[in-house]
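S.K.: In my numbering, the protein residues as written are 5 to 372. Heads up, the beta-carbon is just placed ideally off N, CA and C, and yes, glycines get one too. None of the values given here were measured: they were computed from a predicted structure. Pasting a structure below so you can have a look.
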Ligand SMILES: NC(=O)c1ccc[n+]([C@@H]2O[C@H](COP(=O)([O-])OP(=O)(O)OC[C@H]3O[C@@H](n4cnc5c(N)ncnc54)[C@H](O)[C@@H]3O)[C@@H](O)[C@H]2O)c1
């Protein structure tokens, strides 16, 4: 499959998402087309990213003014201390806004580098080179940046669009399988909320995606996902309304992650997989989703051996903790929480759901 370009058209910012195999060695040339004035480059990555990817990118940058900053991996790096450390490097190397930050890694590196870039001299050029499936189909696109604080996850952040997103699916070959399944959650989400045809395609091809057995199919799934996210972000960049449908399954997922204290025991995409199944089940309860559609979703999970029963993860005593967390969600108004539910496979809507009448019973039901 050839290189694909998707154009993101926003009011003040247009940028391409380029998807192609073995793109890393072209990074310098692709950046030059978009920001020819950039002379200084800071490549930010983490310790788990293979050195060969870093070498390819650095070699492709035809400048003497190029630097590497390698951080420890994982969510614990996504904080103000690391954002400060990035800012310090940018000052130390005398960077200005025409220069360029390149984020090479998963959502952690992308969100953190994006945040630091957005506040450095009010915004330095940013290039996203996502290397996890989750980052390739979701976090690198759309401009949400963020860091965690003691007040919570992603509580500090900005909207800041990159100048270019470069997606090389071959980088997924070094990614642990667990993270492939986690990224698949977001792919499945796009199909469920807005593209029934893509869901039918996933019914046939998902196995090849989570096992990377056919890179052309993987590329197709990434392309479809990026197109879906682009459509939504173009209509509602700052999440005033429509962008909220991207939160399908996420309100439950955030509560599950919080109860597990954001530990490695449950990573984000896994929590989303559980969350989407409960949201689908609630959609049936609310007489919005036909049981046949629900059964197709369940069949797909089962075919792929994806766990969807939260009783394997929590015990009955945790229900109150999950529920308490949901009561404090940002989307609460009175006794209702704005959940994203399915009308059918490929169509979602925002539905104000009652905490006591709808949410609690569906959680309790999971333990029967
Ligand atoms: N900005 C957004 O719109 C948005 C959307 C969804 C999630 N997020 C954020 O994304 C983060 C999660 O992202 P993630 O799942 O990519 O996690 P991550 O960045 O922690 O990456 C997961 C693990 O994979 C390793 N890794 C990355 N690429 C690799 C590769 N090619 N080969 C080998 N190892 C590799 C990383 O070092 C890390 O250990 C969370 O902080 C979440 O809040 C942001």
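Classify residue 324 as helix, strand or coil using the three-state DSSP reduction.
M.R.: helix
S.K.: Express the C-alpha separation of residue 213 and residue 75 in angstroms, rounding to a whole number.
M.R.: 29 Å
S.K.: I need the DSSP call for residue 114, collapsed to helix, strand or coil.
M.R.: helix
S.K.: Should the stretch 146-164 be called in touch with the stretch 176-195, which here means at least 3 C-beta pairs below 8 Å?
M.R.: no
S.K.: Just verifying my parser: in three-state terms, what is the DSSP assignment at residue 319?
M.R.: When secondary structure is reduced to three states using DSSP, residue 319 falls in the coil class, being assigned neither helix nor strand.
S.K.: Pull the bridge partners of residue 71 from the DSSP assignment, please.
M.R.: 46
S.K.: Can you tell me the Cβ-Cβ gap for residue 130 and residue 144, rounded? I've got them flagged as a contact below 8 Å.
M.R.: No, residue 130 and residue 144 are not in contact; Cβ-Cβ is about 10 Å, not under 8 Å.
S.K.: Quick one: what does DSSP say residue 353 is sitting in, helix, strand or coil?
M.R.: strand
S.K.: Sorted by chain position, which residues of the same chain lie with C-beta nearer than 6 Å to residue 22's C-beta, five sequence neighbours on each side aside?
M.R.: 9, 170
S.K.: Mind the definition here: the stretch 269-281 touches the stretch 252-260 only if three or more C-beta pairs lie below 8 Å; say whether that holds.
M.R.: yes
S.K.: According to DSSP, residue 163 sits in a beta bridge with which residue or residues?
M.R.: 148
S.K.: Just to confirm my understanding: we take residue 152, look at its own chain, exclude 5 residues before and 5 after, and list those with CB closer than 6 Å. What are they?
M.R.: 82, 83
S.K.: For residue 240, I'd like the list of residues in its chain whose CB is within less than 6 Å of its CB, leaving aside the five on either flank, ordered along the chain.
M.R.: Here residue 240 has 246, 247 as same chain residues with Cβ atoms under 6 Å from its own Cβ, once five neighbours each way along the sequence are excluded.
S.K.: Could you tell me whether the Cβ of residue 324 comes closer than 7 Å to any Cβ of chain C?
M.R.: The structure shown has no chain C; it contains just one protein chain.
S.K.: Hey, quick one: how far does the beta strand (DSSP E) through residue 312 stretch, first residue to last?
M.R.: Premise fails: residue 312 is in no beta strand (DSSP E) and is neither H nor E.
S.K.: Exposed or buried, residue 140, counting other C-beta atoms within 10 Å across all chains shown (16 or more means buried)?
M.R.: Buried is the call here.
S.K.: Work out the CA separation of residue 40 and residue 373 for me, nearest whole Å.
M.R.: Nothing about residue 373 can be reported from this structure: the residues present for the chain run from 5 to 372 only.
S.K.: Distance, Cα to Cα, residue 33 vs residue 27?
M.R.: 10 Å
S.K.: Report whether the distance from the Cβ of residue 183 to the nearest heavy atom of ligand 3 is below 6 Å.
M.R.: No copy of ligand 3 appears in this structure; the ligands present are ligand 1.
S.K.: For the stretch 145-233, which segments carrying the beta strand (DSSP E) assignment without a break, of at least 3 residues, lie completely within its bounds, in sequence order?
M.R.: 151-153, 156-160, 168-171
S.K.: Find the nearest neighbour of residue 203 within the set 238, 303, 17, judged by alpha-carbon distance.
M.R.: Each of 238, 303, 17 was checked against the Cα of residue 203, and the nearest Cα belongs to 303.
S.K.: Hey, is residue 77 close to ligand 1, as in C-beta under 6 Å from one of its heavy atoms?
M.R.: Residue 77: yes, Cβ under 6 Å from ligand 1.
S.K.: Less than 6 Å between the CB of residue 112 and some heavy atom of ligand 1, yes or no?
M.R.: yes
S.K.: Taking buried to mean at least 16 other C-beta atoms within 10 Å of its own C-beta, is residue 291 buried or exposed?
M.R.: exposed
S.K.: With DSSP as the reference, identify every bridge partner of residue 19, one or two as the case may be.
M.R.: Under DSSP, residue 19 takes part in a beta bridge, and its partners are 12.
S.K.: DSSP three-state label for residue 338, please.
M.R.: coil
S.K.: Kindly indicate which three-state DSSP category residue 358 falls into: helix, strand or coil?
M.R.: strand
S.K.: Would the C-beta of residue 17 count as close to ligand 1, meaning under 6 Å from any of its heavy atoms?
M.R.: no
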